[in-house]
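Read through the structure below, which is laid out as structure tokens, and then see the notes.
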Amino acid sequence: MKAQEHQAVKWLASMQLENGSWENNPGHSGLALLCFLERGETPLSIKYGETVKTSIQWLAKDYKKKGNWGNAYSHGIATFAMAEAYSMTQIPFLKPIIKSAVKRIIDGQQEGGGFDYNYKKGQRWDMSVSGWQFQALVATKLTGVEVEGLDKAIVKGRKFCKQVFKAGSFSYCNTTTDKKADEKIAYPNPVNNMTGVGTFSLYRLMGKSNKDIKAGLKTICNTRLKDLRDILKDPRKWDDIAGKNLYGWYFDTRSVYNTAFIRKEWKKWTKIHEPVIIKAQHQKGYWVVSKGPGMGDNQGGKIIATTLCLLQLIKPMHYMPTFDVRKTKDLNNSEDGVVIELE
């Protein structure tokens, strides 16, 4: 599988624009940066150091120029990526950017603990949007950077996940009378996709297991492997099935790996999941899913599909220590790490 990873990161690096971004999009750029960081790449890496360095610089410049990273999805993903970058490098100029970026997330959190499109404070919450915000909050906590309201936001998020968990699964969103909000509810196969999002979010926010996480894991293992088996039997079903489930598989995979209390569950998952993802990879290293939100046989669609697939193949042993929120006191909060300039 290392060969597949290498091909994918090679393709991603080749798609990076001269300014350091992917498609001049903070969401795409954040996902791409995460792919390199999770493999242990830093600005000091021999092969991809320049790729990581210019990516970090572009995201930093983009934030300084606009004061945010766009909509809630893009902002949450980019904040998550930059917090991880700071944890690995301790680059000084990242600290104020992360503090400001996560403050937007904290300020955009609803009273009940969830999040919605564009950080709306109405009755409607959205688990898909919330998942990225929770990852950003925990990743920021683990940098050691002190941000007012961060601890409270994590606690609120934890309570939110526990409250909306029902019968072993998490819904995409709650019911609402807001017609404009309803029009945006277009994500296919929502309940199945969101169970992974909710389970992994709760685990990240808690830093440990509980009965809800175990129940969510059971639901994932009992329901999500069927579609993967169908593709394994008939690869022609990739576009139809992956178009509905690829986004959720990222969170499913993280959930199973990090919360599987019996390792056989992970072996059961990866035995079916990995061959499906690997066989769908193009020989040049990228993935294409012709159907589904943000997907398509275009540059942007390929970047999203490739980053989501690659993040599923990269084992968390390469991943930064953001899986135990209880260990935050042990982090080194100095700024004596990697030194690169913003310009």
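Heads up, the sequence shown is in this note's numbering, so the first residue is 297 and it goes up one at a time. Here a beta-carbon is modelled for each residue, glycine too, at the ideal position from N, C-alpha and C. Computed from a prediction, not measured in an experiment: that's the story for all the values here.
Check                                                                                                                                                            : Outcome
Hey, would you say GLY316 sits closer than 8 Å to GLN353, going by beta carbons?                                                                                 : yes
Here's a check: name, in chain order, each residue in its chain whose Cβ is nearer than 6 Å to the Cβ of SER310, leaving out the five neighbours to either side. : none
If the criterion is Cβ atoms closer than 8 Å, does the pair LEU329 and ALA381 meet it?                                                                           : yes
Helix, strand or coil, according to DSSP, for SER383 in the structure here?                                                                                      : helix
Alpha carbon to alpha carbon, how far is TYR468 from LEU313?                                                                                                     : 34 Å
Compare the beta carbon distance of GLN579 and GLN300 with 8 Å and say whether it is the shorter of the two.                                                     : no
Return the first residue and the last residue of the alpha helix (DSSP H) that GLN296 is part of.                                                                : The question about residue 296 has no answer here: the residues shown for the chain are numbered 297 through 639.
Below 8 Å between beta carbons: does that hold for TYR499 and SER551?                                                                                            : yes
Can you give me the start and stop residues for the alpha helix (DSSP H) that TYR359 sits inside?                                                                : 345–362
Express the C-alpha separation of THR566 and SER630 in angstroms, rounding to a whole number.                                                                    : Low confidence applies to SER630: its pLDDT is 36, below 50, so where it sits in the model is not reliable, and the reading given next is rough at best. Spanning the two alpha carbons is a distance of roughly 38 Å.
Going by beta-carbon coordinates alone, are LEU263 and GLY581 separated by less than 8 Å?                                                                        : Outside the shown range of the chain (297 to 639) lies residue 263, about which nothing can therefore be said.
I need the boundaries of the alpha helix (DSSP H) containing VAL451, first residue and last residue.                                                             : 446–460
On the three-state DSSP scale, how would you describe GLY492?                                                                                                    : helix
Please state whether the Cβ-Cβ distance between MET423 and GLY503 is less than 8 Å.                                                                              : no
Out of CYS517, ILE537, ILE516 and ASN518, point me to the one whose CA is closest to ASP526's CA.                                                                : ILE537
Please classify VAL441: is it buried, with 16 or more other beta-carbons within 10 angstroms of its beta-carbon, or exposed?                                     : buried
Please report the residue range of the alpha helix (DSSP H) in which PHE332 lies.                                                                                : 322–334
Name the DSSP bridge partner or partners of CYS605?                                                                                                              : Paired residues: none, contrary to the question.
In or out: LYS437 buried (at least 16 other Cβ within 10 Å) or exposed?                                                                                          : buried
On the premise that TRP421 lies in contact with ILE373, defined as a C-beta separation below 8 Å, what is that separation, rounded to the nearest angstrom?      : With a Cβ gap of about 18 Å, ILE373 and TRP421 do not count as contacting.
Quick check on the burial criterion: 16 or more other C-beta atoms within 10 angstroms. Buried or exposed for HIS569?                                            : buried
Could you tell me the distance, in whole angstroms, from the CA atom of ILE501 to the CA atom of LYS448?                                                         : The sequence as given places Leu at residue 501; Ile does not occur at that position. Near 11 Å, if we compare the C-alpha coordinates of LYS448 and LEU501.
Checking the sheet assignment: what are the DSSP bridge partners for SER465?                                                                                     : LYS462
Would you kindly check if the distance between the Cβ of ALA379 and the Cβ of GLY326 is under 8 Å?                                                               : no
Would you mind working out which of LYS462, LYS540, GLY544 and ASN518 sits nearest LYS564, comparing C-alpha positions?                                          : ASN518
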